[in-house]
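Colleague: Sequence positions in the sequence shown follow UniProt numbering and run 1 to 423.
Attaching a single structure in structure tokens format; questions to follow.
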Amino acid sequence: MGLVVQKYGGSSVADAEGIKRVAKRIVEAKKNGHQVVVVVSAMGDTTDELIDLAEQVSPMPTGREFDMLLTAGERISMALLAMAIKNLGHKAQSFTGSQAGVITDSVHNKARIIDVTPGRIRTALDEGNIAIVAGFQGVSQDSKDITTLGRGGSDTTAVALAAALDAEVCEIYTDVDGVFTADPRVVKKAKKIDWISFEDMLELAASGSKVLLHRCVEYARRYNIPIHVRSSFSGLQGTWVSNEPRGDQQVEHAIISGVAHDVSEAKITVVGVPDKPGEAAAIFRTIANAEINIDMVVQNVSAASTGLTDISFTLPKAEGRKAIDALERAKATIGFESLRYDDQIAKISLVGAGMKTNPGVTAGFFEALSDAGVNIELISTSEIRISVVTRADDVNEAVRAVHTAFGLDSDSDEAVVYGGTGR
Ligand code: ADP
Ligand code: ASP
Ligand code: MG
Numbered sequence: 001m002g003l004v005v006q007k008y009g010g011s012s013v014a015d016a017e018g019i020k021r022v023a024k025r026i027v028e029a030k031k032n033g034h035q036v037v038v039v040v041s042a043m044g045d046t047t048d049e050l051i052d053l054a055e056q057v058s059p060m061p062t063g064r065e066f067d068m069l070l071t072a073g074e075r076i077s078m079a080l081l082a083m084a085i086k087n088l089g090h091k092a093q094s095f096t097g098s099q100a101g102v103i104t105d106s107v108h109n110k111a112r113i114i115d116v117t118p119g120r121i122r123t124a125l126d127e128g129n130i131a132i133v134a135g136f137q138g139v140s141q142d143s144k145d146i147t148t149l150g151r152g153g154s155d156t157t158a159v160a161l162a163a164a165l166d167a168e169v170c171e172i173y174t175d176v177d178g179v180f181t182a183d184p185r186v187v188k189k190a191k192k193i194d195w196i197s198f199e200d201m202l203e204l205a206a207s208g209s210k211v212l213l214h215r216c217v218e219y220a221r222r223y224n225i226p227i228h229v230r231s232s233f234s235g236l237q238g239t240w241v242s243n244e245p246r247g248d249q250q251v252e253h254a255i256i257s258g259v260a261h262d263v264s265e266a267k268i269t270v271v272g273v274p275d276k277p278g279e280a281a282a283i284f285r286t287i288a289n290a291e292i293n294i295d296m297v298v299q300n301v302s303a304a305s306t307g308l309t310d311i312s313f314t315l316p317k318a319e320g321r322k323a324i325d326a327l328e329r330a331k332a333t334i335g336f337e338s339l340r341y342d343d344q345i346a347k348i349s350l351v352g353a354g355m356k357t358n359p360g361v362t363a364g365f366f367e368a369l370s371d372a373g374v375n376i377e378l379i380s381t382s383e384i385r386i387s388v389v390t391r392a393d394d395v396n397e398a399v400r401a402v403h404t405a406f407g408l409d410s411d412s413d414e415a416v417v418y419g420g421t422g423r
């Protein structure tokens, strides 16, 4: 029996009962002969509540203090979980990210893991403990300050530890039975996927399926760590994410793996940009210098009479203020007329490696949206994905329409959501 890493998300440890339930599950794995490392998130919506609190005392807290605050959430759950396990008569020790050897760069709020040195975890395991690690946090190699890995970052902690400890599997326990063909909170007829490739899962995650974080899937693919996404509330088999399916994992040879949606982005339109070389470069250099990642970009055809054009792009809502401020400061040098900010948008994406070889997927996608009366504002594609931006109000209807049009609706039971608030 090898080593397993189990990660429990916030909804699985939302209250004392949840912590006790999860503790029993962890002890079962230990009794089955595994060495067990647990990565735990903050309880319920604690992280959101801490963010709300920070905003009440300061509109723009510094990254260092913000990270220090947010990591408190995971510290609470790790200590309580270790206590609950001890109460069941088993040895457990909790560790902060820093103590567990999660070393990151120094970018606060979205640090990247650059090394994992889990010496103390190994020792704790060798002494017969269950090791509990606070997810979503690390320590900067250079500044030695505490960092966080970005929202949902406990998934990445889990996979990074699984790679560093050479675990046989990384189990991600959450509030649904696995990865579905769409968010079960939106599409009741979504189907659970038994096996999905890293490639398709990466696109789904990047397109907003927050059941797994994009960076975590990237990490798992790089180190070839199989992920098993499953519910902490049921005993069911979940979804395996790996390079190749094993013999007992059912593979549906569907053209489309799923539909993802994302309401966390906003759109900025730079109005009245002179249509000459270097303008787009100046705009996006300004954004890049502010360390903001953008997603989709579109430039309109310029009006012949004015020689001016508009450039629109999408970015995380959380970075909206920073981007507008940076562009306003550079307005005179870039030479545009005005800025428009719109945070009432949604992105809907269709993902599947099968679309590479099947004509008509794009047409079918647009037809489904048009039949549902949904207007498309931006479009972007990759080899295995098509995404559009629509009004936020249309998102649920659009996702359901596309899901049905591509034959993804299940004819059996409704997808179960066991917990969480969907926040
Ligand atoms: P945790 O607290 O366990 O990290 P998250 O809220 O981050 O949980 O992720 C689980 C949620 O992801 C589900 O409750 C579901 O609403 C959402 N989700 C979005 N897309 C999907 C999908 N394709 N399959 C399953 N869940 C999805
Ligand atoms: N607690 C953090 C968050 O809510 C990290 C995580 O849950 O993965 O984003
Ligand atoms: Mg999550």
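Think of the CB as a built atom: it goes at the ideal place given N, C-alpha and C, for glycine as much as any other residue.
Note that the coordinates shown come from a computational prediction; the quantities given were computed from them, not determined experimentally.
(1) Just confirm the distance between the C-beta atoms of residue 436 and LEU308, as a whole number of angstroms; I'd bet it's less than 8 Å.
(2) With burial defined as no fewer than 16 other Cβ atoms inside 10 Å of the residue's Cβ, what is the status of LEU213: buried or exposed?
(3) If you measure from the CB of PRO184, is any heavy atom of the ligand ADP nearer than 8 Å?
(4) Within the same chain, show all residues whose beta-carbon is closer than 8 Å to that of SER234, passing over the 5 residues directly before and after it, in chain order.
(5) How far does the beta strand (DSSP E) with ALA332 in it reach, from first residue to last?
(6) Have a look at LEU202 and VAL40 and give me their C-alpha separation to the nearest angstrom.
(7) Counting Cβ pairs, one atom from each stretch, are 3 or more of them under 8 Å apart for the stretch 161–169 and the stretch 213–232?
(8) Is GLY44 near the ligand MG - that is, is its Cβ less than 8 Å away from at least one heavy atom of it?
(9) For the alpha helix (DSSP H) containing ASP142, list its first residue and its last residue.
(10) Would you mind giving the Cβ-Cβ distance between LEU315 and ILE292, rounded to the nearest angstrom? I have them listed as a contact below 8 Å.
(11) Taking Cβ positions, are GLY272 and SER338 nearer each other than 9 Å?
(12) Hey, residue 426 and GLY258 are a contact pair by Cβ (cut 8 Å); roughly how many whole angstroms apart?
(13) For THR181, which residues in the same chain have their Cβ closer than 6 Å to its Cβ, ignoring the five residues on either side in sequence?
(14) For GLY128, count the other beta carbons within 10 Å of its own beta carbon; 16 or more makes it buried, fewer makes it exposed. Which is it?
(15) Quick one: give me the first and last residue of the alpha helix (DSSP H) that residue 455 is part of.
(16) According to the neighbour-count rule (16 or more other Cβ atoms, all chains shown, within 10 Å of its Cβ), is LYS267 buried or exposed?
(17) Going by alpha carbons, who is nearest to ARG285 out of ALA398, ALA330, ALA84 and VAL298?
(18) Rounded to whole angstroms, what is the Cα-Cα separation between PHE406 and GLY360?
(19) Could you have a look at ILE384 and say whether DSSP puts it in helix, strand or coil?
Modeller: So, from the listed chains and residues:
(1) Any property of residue 436 remains undetermined from this structure, which presents the chain solely from 1 to 423.
(2) buried
(3) Yes, since a heavy atom of the ligand ADP falls inside the 8 Å radius drawn around the Cβ of PRO184.
(4) The residues ASP177, VAL416 and TYR418, in chain order, have a CB closer than 8 Å to that of SER234 in the same chain once the five nearest residues on each side in sequence are set aside.
(5) Unbroken run through ALA332 is the alpha helix (DSSP H), 331–334; no beta strand (DSSP E).
(6) So the alpha carbons of these two residues sit roughly 22 Å apart.
(7) These segments touch.
(8) no
(9) Premise fails: ASP142 is in no alpha helix (DSSP H) and is neither H nor E.
(10) 6 Å
(11) yes
(12) Because the chain is modelled from 1 through 423, residue 426 falls outside the range shown and cannot be assessed.
(13) ALA190, LYS191, GLY258 and LEU408
(14) exposed
(15) This structure gives no information on residue 455, because the portion of the chain shown stretches from 1 to 423.
(16) buried
(17) ALA330
(18) 11 Å
(19) coil
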